[in-house]
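Numbering (this note's numbering), first residue to last: 4 to 566. We put the beta carbon where it would ideally sit given N, CA and C, even for glycine. Structure first, commentary second.
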RNA sequence: GCGCCAAUAGCUCAGUUGGAUAGAGCAACGGCCUUCUAAGCCGUGUGCCCGGGGUUCGAAUCCCUGUUGGCGCGCCA
């Protein structure tokens, strides 16, 4: 148990006993014990913890909040606790001021747990599938995928730090309509390169990458003459060859890009495998058996409207081909039923939010608790160049790729940048800022704190007797206390980030921690004549360095020793 | 038309399960390096928390409503 958890459970228990004691003493009468909430006051003058219990009771106790608060405070037993004193303030807040020792406990906690400081086990034993990015494999990844990658990966990491057994998953859309379009586009470029007359499909992929694929294909095959045999094939056979060829290359490219981005997937799940393994059929049969499917105009429909949605959705088209929705149902049943994940979470772009309700409806129809499926909706990224939105079209191949982005600003900057704001806020990616002004980026601010600490410690190896126990009670400066307080917050920050599915909280914490260290650094010298104080401060910055390292690990960002 | 997301300082944004005097970065101005990394620190001030109702002891936060912006509403994925 980390120190904050110990404190909150202890204080809550003492408050509950005090309320009980006050009631027994006849100070007030209440029918039921309300939930006791502890909060951390914004103003330091109000102590480390505060409860509003006295303001929740007046209705049933028929007494003024202050009177209730006084009665509770009279009965609070602080024996054997870290509570220094209890007071009443404002409209009836009960404030707890702690003994300075609690901060030492936080520092010792860090030193004891090391690389594991911040890990908790509240979700131990539960499996968690996190699907993110899942970019269309028909072309290179774009900047929206970059945001999804950073958010998803750090979300996965926070989940792992709270005890979940996490699987990072990429759904490869290697089946269906867009693959057909991909094949049409490849074939058209091939015929063009071969000098055959051809009209490029109107809704085809116009990017250069398509032409490059086929140019390379021809070269690898030994030139145009050697490729003449493909002209004799049927168009469908030929497209199948090209799709196989280009898909493999694209997939390898995406895997390489994601690896470079610090994202390592456990599973690359093929949509096509759902067809090959009969899971599409099986899912359809299941829905049919539940009576959720009907036929209309030659197509098979899912009764989405039975689940509060506006209209029904097609599962199998009149031409016999399953829709993307059908595949998605089979896929999520695979996650939740076949593979039995306790939770399945998807990170989707805002342009997909309309699909949440119907997918959950399908899960419900299939007899699966829809709450086991959660969607994190990420608002779309807007590229800003020269202060104006930069329009790009993936179809025309003008998108800025993930690899271009990484060339420009590097993995560390990109990962932090995309986790500066919560997923559900709109995000403007300023190209000029990323290109020219990396000093403004908070990632350097955080890393600089780590490098500074390392530098100090490097120079002090001989000055401190590390076998002795440091006297942390010497750390009384406000800057020292602020730093220690922040250090104690990491476990709860991770738990909150996971619970709210908001990885930006980790980034904000990292910035706050770095700021607390820089402030401390400027206010307090570590290398001082007083050997005991020096020892205590070395211990403090050693802990701060460890926490910075752990938080950078979660963010997937390097913790440099020098800058 | 219906649905989802957003609106807080000049700009970009924090703001914890509703709490006490709404914060930070950038920008502007002024200060801090003979001593552990100045990619840093300290100081100076600015708010119709989009408007209007409501709930509450208490609302930037919750509910209703309006406005503005983004996205979606296909036998596309």
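- CB residue 415 to CB residue 561, shorter than 7 Å? As a position in the first chain, residue 415 is number 412, starting the count at 1. As a position in the first chain, residue 561 is number 558, starting the count at 1. Cβ distance < 7 Å, so residue 415 and residue 561 count as in contact.
- Item | Inside the segment 250 to 309 only - alpha helix (DSSP H) runs reaching at least 4 residues | If we require 4 residues or more, the alpha helix (DSSP H) runs fully inside the segment 250 to 309 come out as 274 to 279, 282 to 292.
- Does the Cβ-Cβ distance between residue 134 and residue 349 come in under 7 Å? Here residue 134 refers to the residue found at position 131 of the first chain. Here residue 349 refers to the residue found at position 346 of the first chain. By the CB criterion at 7 Å, residue 134 and residue 349 fall inside the cutoff.
- Let me know the secondary structure DSSP gives residue 399 once reduced to three states. Position 396 of the first chain, counting from 1, holds the residue named residue 399. For residue 399, the predicted model reports a pLDDT of 49, less than 50, meaning its position is unreliable and no value from the coordinates is stated.
- Whole angstroms is fine: what's the gap from residue 486's alpha carbon to residue 523's? To locate residue 486, count along the first chain from 1; it is residue 483. To locate residue 523, count along the first chain from 1; it is residue 520. Rounded to the nearest angstrom, the two C-alpha atoms are 7 Å apart.
- Query: Would residue 120 pass as a contact of residue 113 if the rule is Cβ separation under 7 Å?
  - Reply: Counting from 1 along the first chain, the entry for residue 120 is found at position 117. Counting from 1 along the first chain, the entry for residue 113 is found at position 110. Yes. Within cutoff.
- Write down the C-beta distance between residue 75 and residue 21 rounded to the nearest angstrom, noting that I regard them as a contact closer than 8 Å. Position 72 of the first chain, counted from the start, is the residue given in the question as residue 75. Position 18 of the first chain, counted from the start, is the residue given in the question as residue 21. Taking C-beta atoms under 8 Å as the contact rule, residue 75 and residue 21 qualify, at a distance of about 5 Å.
- Have a look at the DSSP bridge pairing and note the partners of residue 348. As a position in the first chain, residue 348 is number 345, starting the count at 1. In the DSSP secondary-structure assignment, residue 348 is bridged to 133, 377.
- Starting from the C-beta of residue 399, find all residues in its chain whose C-beta is less than 8 Å away, skip the five residues before and the five after it, and write them out in chain order. Working through the first chain from its first residue, we reach residue 399 at position 396. Its pLDDT being 49, under 50, residue 399 is placed unreliably in this model, and the coordinates cannot settle the point.
- Under the three-state reduction of DSSP, which class applies to residue 88: helix, strand or coil? Position 85 of the first chain, counted from the first residue, corresponds to residue 88. Correct three-state label for residue 88: strand.
- To the nearest angstrom, report how far apart residue 397 and residue 405 are at their CA atoms. In the first chain, the residue the question calls residue 397 occupies position 394. In the first chain, the residue the question calls residue 405 occupies position 402. In this prediction, residue 397 has a pLDDT of 46, which is less than 50 and means its spatial position is unreliable; what the coordinates show is noted afterwards. In this structure, the CA atom of residue 397 is about 13 Å from the CA atom of residue 405.
- Which word fits residue 341, buried or exposed, when buried means at least 16 other C-beta atoms lie within 10 angstroms of its C-beta? By 1-based counting over the first chain, the position of residue 341 is 338. Residue 341 should be labelled exposed.
- Sort out for me which residues DSSP pairs residue 52 with in a bridge. What you label residue 52 is simply residue 49 of the first chain in a count that begins at 1. 99, per the DSSP bridge assignment.
- Message: Counting C-beta neighbours from all protein chains within 10 Å, is the total for residue 559 16 or more, i.e. buried, or is it exposed?
- Response: For the purposes of this step, residue 559 is taken as residue 556 along the first chain, with counting starting at 1. Answer is buried; the Cβ neighbour count reaches 16.
- Message: Rounded to the nearest angstrom, what separates residue 516 and residue 489 at their Cα positions?
- Response: For the purposes of this step, residue 516 is taken as the residue at position 513 of the first chain. For the purposes of this step, residue 489 is taken as the residue at position 486 of the first chain. Rounded to the nearest angstrom, the gap between the Cα atoms of residue 516 and residue 489 is 6 Å.
- Item | Burial state of residue 236, where buried means 16 or more other Cβ atoms lie within 10 Å | Working through the first chain from its first residue, we reach residue 236 at position 233. With fewer than 16 other Cβ atoms within 10 Å, it is exposed.
- Message: Across the segment 357 to 372 and the segment 311 to 326, are there enough close Cβ pairs to call them in contact, namely three or more that are closer than 8 Å?
- Response: Because the criterion of three Cβ pairs below 8 Å is met, the segment 357 to 372 and the segment 311 to 326 touch.
- Query: Is residue 253 near residue 140, with beta carbons less than 7 Å apart?
  - Reply: For the purposes of this step, residue 253 is identified with residue 250 of the first chain, where counting begins at 1. For the purposes of this step, residue 140 is identified with residue 137 of the first chain, where counting begins at 1. At a Cβ-Cβ threshold of 7 Å, residue 253 and residue 140 count as neighbours.
- Task: Tell me, to the nearest whole angstrom, how far the beta carbon of residue 530 is from that of residue 463; I am working on the premise that it is less than 8 Å.
- Result: Counted from its first residue, the first chain places residue 530 at position 527. Counted from its first residue, the first chain places residue 463 at position 460. Their Cβ separation, rounded to whole angstroms, is 6 Å, which keeps residue 530 and residue 463 in contact under 8 Å.
- Would you mind sorting residue 298 into buried or exposed? The rule is 16 or more other CB atoms within 10 Å of its CB. Here residue 298 corresponds to residue number 295 of the first chain, with the count starting at 1. With fewer than 16 Cβ atoms within 10 Å of its Cβ, residue 298 is classed as exposed.
- On the premise that residue 127 lies in contact with residue 166, defined as a C-beta separation below 8 Å, what is that separation, rounded to the nearest angstrom? For the purposes of this step, residue 166 is identified with residue 163 of the first chain, where counting begins at 1. For the purposes of this step, residue 127 is identified with residue 124 of the first chain, where counting begins at 1. Correct: roughly 4 Å between the Cβ atoms.
- Run through DSSP, which three-state label would residue 341 get? Residue numbering aside, residue 341 sits at position 338 when the first chain is read from its first letter. In the structure shown, residue 341 sits in a helix (DSSP, three-state: H, G or I).
- Item | Cut-off 6 Å between Cβ atoms - residues of its own chain near residue 30, not counting five sequence neighbours on either side | Residue 30 sits at position 27 when you count from the first residue of the first chain. Annotation for residue 30: 74 place their beta carbon closer than 6 Å to its own, counting only its chain and skipping 5 residues before and after.
- Give, in chain order, every unbroken run of the beta strand (DSSP E) that is at least 3 residues long and sits entirely within the segment 308 to 336. The qualifying runs are 316 to 319.
- Message: Let me make sure I understand the geometry here. Which of 156, 214, 312 has the alpha-carbon closest to that of residue 267?
- Response: As a working mapping, residue 267 is identified with position 264 in the first chain. Of the candidates 156, 214, 312, the one whose C-alpha sits nearest the C-alpha of residue 267 is 156.
- Message: Using C-beta distances below 6 Å, list every residue in its chain close to residue 59, excluding the 5 sequence neighbours before and after it, in chain order.
- Response: Numbered from its first residue, the first chain carries residue 59 at position 56. Excluding residues within five positions, the ones whose Cβ falls inside 6 Å are 37.
- Message: Here's the rule: buried if 16 or more other CB atoms are within 10 angstroms of the residue's CB, otherwise exposed. What is residue 68?
- Response: Position 65 of the first chain, counted from the start, is the residue given in the question as residue 68. Here residue 68 is buried: its Cβ has 16 or more other Cβ atoms, across all protein chains shown, within 10 Å.
- Nearest CA to the CA of residue 456: which residue from 307, 548, 270? On the first chain, residue 456 is found 453 positions in, with the first residue counted as 1. In this structure, 548 is the residue among 307, 548, 270 with its C-alpha nearest to the C-alpha of residue 456.
- Report the rounded CA-to-CA distance for residue 23 versus residue 61, giving the unit in angstroms. The residue labelled residue 23 in the question sits at position 20 within the first chain. The residue labelled residue 61 in the question sits at position 58 within the first chain. One C-alpha to the other measures close to 15 Å.
- Would you check whether the ligand HEM has a heavy atom nearer than 6 Å to the C-beta of residue 319? Absent from the structure shown: the ligand HEM. Ligands present: none.
- Query: Alpha carbon to alpha carbon, how far is residue 98 from residue 54?
  - Reply: Working through the first chain from its first residue, we reach residue 98 at position 95. Working through the first chain from its first residue, we reach residue 54 at position 51. Cα to Cα, the separation comes out at about 7 Å.
- Task: With a floor of 4 residues, list each alpha helix (DSSP H) that falls wholly inside the segment 410 to 441, ordered by position along the chain.
- Result: Those alpha helix (DSSP H) runs which fall completely within the segment 410 to 441 and span 4+ residues are 434 to 439.
- CB residue 45 to CB residue 421, shorter than 7 Å? For the purposes of this step, residue 45 is taken as residue 42 along the first chain, with counting starting at 1. For the purposes of this step, residue 421 is taken as residue 418 along the first chain, with counting starting at 1. Not in contact: residue 45 and residue 421 (Cβ atoms no closer than 7 Å).
- Taking only the alpha-carbon atoms, compute the straight-line gap between residue 6 and residue 461 and give it to the nearest angstrom. Mapped onto the first chain, residue 6 falls at position 3. Mapped onto the first chain, residue 461 falls at position 458. Roughly 29 Å separates the two Cα atoms.
- Item | Bridge-paired residues (DSSP) for residue 169 | For this step, residue 169 is matched to residue 166 along the first chain. According to DSSP, residue 169 bridges with 131.
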